[in-house]
Amino acid sequence: MTDLGADREYASRLSACPACDAAPLAARIADSAAARGDLVLSLPTAHCAACITDVERALLAQPGVRAARVNLTLRRVMIDAPGREATDFIPVLEGIGYEAHELDASALGPTAADRQGRDILMRIGVSGFAMMNIMILSVAVWSGASGATRDMFHWISAVIAFPTVIFAGQPFFSSAWASLKGGRLGMDVPISLALILATSISLFETLHSGHHAYFDAAVMLCFFLLIGRYLDYRTRAVARSAAAELTALEVPRAVLLRDGAEQVVPLADLRPGDMIRIRPGARVAADGEVVTGMSEIDRSLLTGESLPVQAAPGMMLSAGEVNLTGPLDLRVTAAGQDSSLGRLTHLVAMAEATRGKYASLAERASRGYSPVVHLLALFSYGLWMYLSGDWRVALNVAAAVLIITCPCALGLAVPAVVTAASGRLFRRGLLIKDGTALERLAEVDCVVFDKTGTLTMGQPELVRLADLPDTLRPVAHAIADASGHPLSRALAGALKGAGVPIAPLDQAAEVPGFGVEGRWQGLRVRLGRADWAGDAAQEPVDADGPVSLLSVEGHAPVLLRFVDALRPGAAECVTALQHQGRRVMMLSGDTAAAVASAAKALGIDEFRAGVTPAEKEAEIAALAQAGAHVLMVGDGLNDTAALARAHVSISPASALDAARAASDMVLMGQDLQPVAEAVALAVKARRRIKENFAISFGYNVIAVPVAMAGLATPLLAALAMSASSITVTLNALRLR
Amino acid sequence: MEILVILIPVSILLGAGGLAAFLWSLRTRQYDDPKGDAERILSDEWDDRPKPPPPDQNSEP
Chain A
1 MTDLGADREY ASRLSACPAC DAAPLAARIA DSAAARGDLV LSLPTAHCAA CITDVERALL
61 AQPGVRAARV NLTLRRVMID APGREATDFI PVLEGIGYEA HELDASALGP TAADRQGRDI
121 LMRIGVSGFA MMNIMILSVA VWSGASGATR DMFHWISAVI AFPTVIFAGQ PFFSSAWASL
181 KGGRLGMDVP ISLALILATS ISLFETLHSG HHAYFDAAVM LCFFLLIGRY LDYRTRAVAR
241 SAAAELTALE VPRAVLLRDG AEQVVPLADL RPGDMIRIRP GARVAADGEV VTGMSEIDRS
301 LLTGESLPVQ AAPGMMLSAG EVNLTGPLDL RVTAAGQDSS LGRLTHLVAM AEATRGKYAS
361 LAERASRGYS PVVHLLALFS YGLWMYLSGD WRVALNVAAA VLIITCPCAL GLAVPAVVTA
421 ASGRLFRRGL LIKDGTALER LAEVDCVVFD KTGTLTMGQP ELVRLADLPD TLRPVAHAIA
481 DASGHPLSRA LAGALKGAGV PIAPLDQAAE VPGFGVEGRW QGLRVRLGRA DWAGDAAQEP
541 VDADGPVSLL SVEGHAPVLL RFVDALRPGA AECVTALQHQ GRRVMMLSGD TAAAVASAAK
601 ALGIDEFRAG VTPAEKEAEI AALAQAGAHV LMVGDGLNDT AALARAHVSI SPASALDAAR
661 AASDMVLMGQ DLQPVAEAVA LAVKARRRIK ENFAISFGYN VIAVPVAMAG LATPLLAALA
721 MSASSITVTL NALRLR
Chain B
1 MEILVILIPV SILLGAGGLA AFLWSLRTRQ YDDPKGDAER ILSDEWDDRP KPPPPDQNSE
61 P
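Top to bottom, those sequences are chains A and B.
Counting from 1, position 485 in the first sequence corresponds to residue 485 in the UniProt record's numbering; the numbering is continuous, with no gaps.
Counting from 1, position 49 in the second sequence corresponds to residue 49 in the UniProt record's numbering; the numbering is continuous, with no gaps.
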């Protein structure tokens, strides 16, 4: 009803200008997207014009879809489809070859960060407009306008510049004020001082029909510095929205059993003694003891073990493990902060606290820069006061020094490089969450990998399809299709890939904790644990990977071996890092045999198996103590503390929320190769940043004496400022 | 020199027009997806006929 009323209100305000009506309407549609229950899907693999049309066409062809629009910058698609669920569309997109994940639209929200970006853009627009107009007038003054004409030009400039500086300079004024109140001299203090001095002196000179006015310099300063500010914001906003997106991927809820009835509650409401139900495929919500149910538990995220563990009544489970086959009822023993997950969180917090704050190159530069600039300006004021005795001349020179030394190029030096580098990494599927991560990555000399889920996919793959006789393949496909167990899915995937048809199967049913059973042409078919599917006398199997047994009545049972496949690009990544002269290690919580075979396949000489989360963290700390700068790459909860402790850390997007939150960069795609490229690129980016500092300092060495000698005319200031800013930006663009 | 009385206001007005256009495009969120917009012109989706208007928002109960 309210919607209808609002629309009627719009209709009554229709005017002759279509844009005026479209503008608020467009904004309203964008704002109310979440309220109408619109769906947002993340599309990590979309990258081109064809992707946009493919996705939009496929979605619009679905019944009930009124609109679908891809946002390529954020790699998302917004779908307007009342009454439909995201799960309806994910298979459609996967069918045409696009990986898609549901995002919690309310968690993403129309963010305040977005408003901040538009705010800076607006200030850039206003100062750009003012800069161009004042420049036109200034050129006339520089080329020799004098007397009344010059004064008139100065007056018009003043009318444009004064409000512009007040409006566009606000971000600098407020941040300078904040740092002054905190007793610090940030980069924004000299900027604000230069802006205020330049404007007020120019006004004063205009009033007294002086020769020089610095309006154009003041406005240009605003313009260039705002561009730097925007680049900086843009890099962080992309990372922040991706972080929000990753959080939105998981909704922390638990199924509480109360008097036999199921009730979905937030995790925070769980208390020890509660009964909770863990459905197959769900994550265990709290520490607890299994009361009823049989199943298998995937512990890989918590401990790094790649083999599922059998769960039966009486067994203790930890929060974060994944239930695989059957429903389990759990009596909670510890929830929230007290659970094993909570203790791990504590370990992570400790690790983060001890890592300490990293002072970025820009911070270190500005720490030395601001006092020097202020002292120089003060010194020139005193000098000229002493030499000429005219405070007006002395103040003019001091302002010229402040304007010319003002870190215009310095303000662009880091953001321009970081934006260029992170843009290039983003296109390769690596997302930078922290601005200083790139600088830290450049210092890395030792890389520590986790195994399960990082170097390997964390998903089993069938080793030899040839083990399976041709006659049994269709029935194997059918029985594997009937189960959601990772081994069954791997078998079904391999058979589907080989083009094996599905045999008709009766009464296929999962036996939780053991396997699947069904009937094929009257024969009993079983796929699952060797001691259950085979004869009771079946000998125990010695294998270095997961195994599953397929038994069909009247046929010899077939033992199927699986291996945790290496992540694509893992071997190339390790080799590339070793070629770059970096030490590569592997720390895993998995069994010795599995770790050794993976290390051999990848060519890693240093590896340790059966490492606990605390040991991993201690190992990283010991390496850091020995002077190494460690890059940690990991995905599991068991890696989280180590990720937080390491100098810089990367986790794949498939990692748990906690691991992604603890790491500085997130790998969006499957391929591990961008990690090695990122390290190489970071080294290049750091070189560019240093070059940019050298450029802006070098230019100061020439410009400051000129300004102190009182020779810096507004024309010279304008030329020097734009020349240095443009050089710095062009140098940064060489990275792309 | 009298020409300046016309030329200066004209140049400022033209600049202000550009600024107004920029602010309008900013408010209508035309900078939300710069990468997508750059790619969209390559699509031949609506080259042969105009895009149909979106379904009526009021028809839903």
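Don't be surprised by glycine CBs; every beta carbon is placed ideally from N, CA and C.
In the DSSP assignment, ASP287/A falls within the beta strand (DSSP E) that extends over 287-292.
Annotation for VAL547/A: ALA530, VAL541, LEU559, LEU560, ARG561 and PHE562 place their beta carbon closer than 8 Å to its own, counting only its chain and skipping 5 residues before and after. Contact fails between the region 376-396 of chain A and the region 641-653 of chain A, because fewer than three Cβ pairs, one in each stretch, are under 8 Å apart. A buried status is given to ALA646/A, since no fewer than 16 other beta-carbon atoms sit within 10 Å of its beta-carbon.
Taking 8 Å as the threshold, the shortest C-beta distance from GLU2/B to chain A does not fall below it. Annotation: Cβ neighbours of LYS35/B in chain A (cutoff 8 Å, chain order): LEU72 and THR73.
In terms of Cβ geometry, ALA421/A and LEU438/A form a close pair [threshold 8 Å].
The beta-carbon of ALA49/A is placed less than 8 Å from the nearest beta-carbon of chain B. Residue burial annotation: GLY83/A is exposed, with fewer than 16 other C-beta atoms found within 10 angstroms of its C-beta.
Listed in chain order, the positions of the region 6-19 of chain B with a beta carbon within less than 8 Å of a beta carbon of chain A are ILE8, SER11, ILE12, GLY15, ALA16, GLY18 and LEU19. Spatial neighbours of ALA286/A in its own chain (CB-CB distance under 6 Å, excluding positions within 5 residues in sequence) are listed in chain order as LEU270, ALA319, VAL332, ALA335 and SER339. ASP531/A: member of the alpha helix (DSSP H) spanning 530-533, first to last residue. One Cα belongs to ILE689/A, the other to VAL630/A, and the distance between them is close to 22 Å. Proximity to LYS451/A across MET275/A, ASP467/A, ALA614/A and GLY634/A peaks at GLY634/A, based on C-alpha coordinates. Among the residues of the region 36-53 of chain B, those with a Cβ less than 9 Å away from any Cβ of chain A are GLY36, ASP37, ALA38, GLU39, ARG40, ILE41, LEU42, SER43, ASP44 and GLU45, in the order of the chain. Residues of the region 142-162 of chain A whose Cβ lies closer than 9 Å to any Cβ of chain B, in chain order: THR149, MET152, PHE153, ILE156 and ILE160. With three or more CB-CB distances shorter than 8 Å, the region 24-35 of chain B counts as touching the region 71-83 of chain A.
Looking at the DSSP output, GLY518/A shares a beta bridge with VAL525/A.
Contact between the region 589-609 of chain A and the region 706-719 of chain A is absent, with fewer than three C-beta pairs closer than 8 Å.
Separation of the CB atoms of GLY435/A and VAL418/A is rounded to 6 Å, and the pair is thereby assigned contact status at 8 Å. Going by DSSP, VAL77/A is part of the beta strand (DSSP E) stretching over 76-80. For GLY458/A, the secondary structure class from DSSP, reduced to helix, strand or coil, is strand.
At least one CB atom of chain B sits nearer than 8 Å to the CB of PHE129/A.
For the C-beta of GLY64/A, not a single chain B residue is nearer than 8 Å; the gap to the nearest is close to 11 Å. In this chain, the beta strand (DSSP E) harbouring LEU328/A covers 328-334. THR87/A places its beta carbon 8 Å or farther from that of VAL126/A.
The Cβ atoms of VAL284/A and GLU321/A lie closer than 8 Å to each other. In the pairwise beta carbon analysis, the region 158-177 of chain A is classified as touching the region 218-235 of chain A: at least three pairs are separated by under 8 Å. LEU270/A carries a coil assignment under DSSP once its states are collapsed to helix, strand and coil. The region 567-578 of chain A makes contact with the region 664-678 of chain A, as at least three CB pairs between them are under 8 Å. Against chain B, a Cβ distance below 7 Å from ARG118/A picks out LEU26. In the structure shown, the three-state DSSP call for ILE689/A is helix. In this structure, DSSP gives ASP671/A a state outside helix and strand, which the three-state scheme calls coil. For THR53/A, a Cβ of chain B is located within less than 8 Å of the residue's own Cβ. Around the beta carbon of TYR214/A, 16 or more other beta carbons sit within 10 angstroms, so the residue counts as buried.
Excluding the 5 residues flanking it on each side, VAL475/A has same chain C-beta neighbours closer than 8 Å at ALA503, LEU505, TRP520, VAL525 and VAL552, in chain order.
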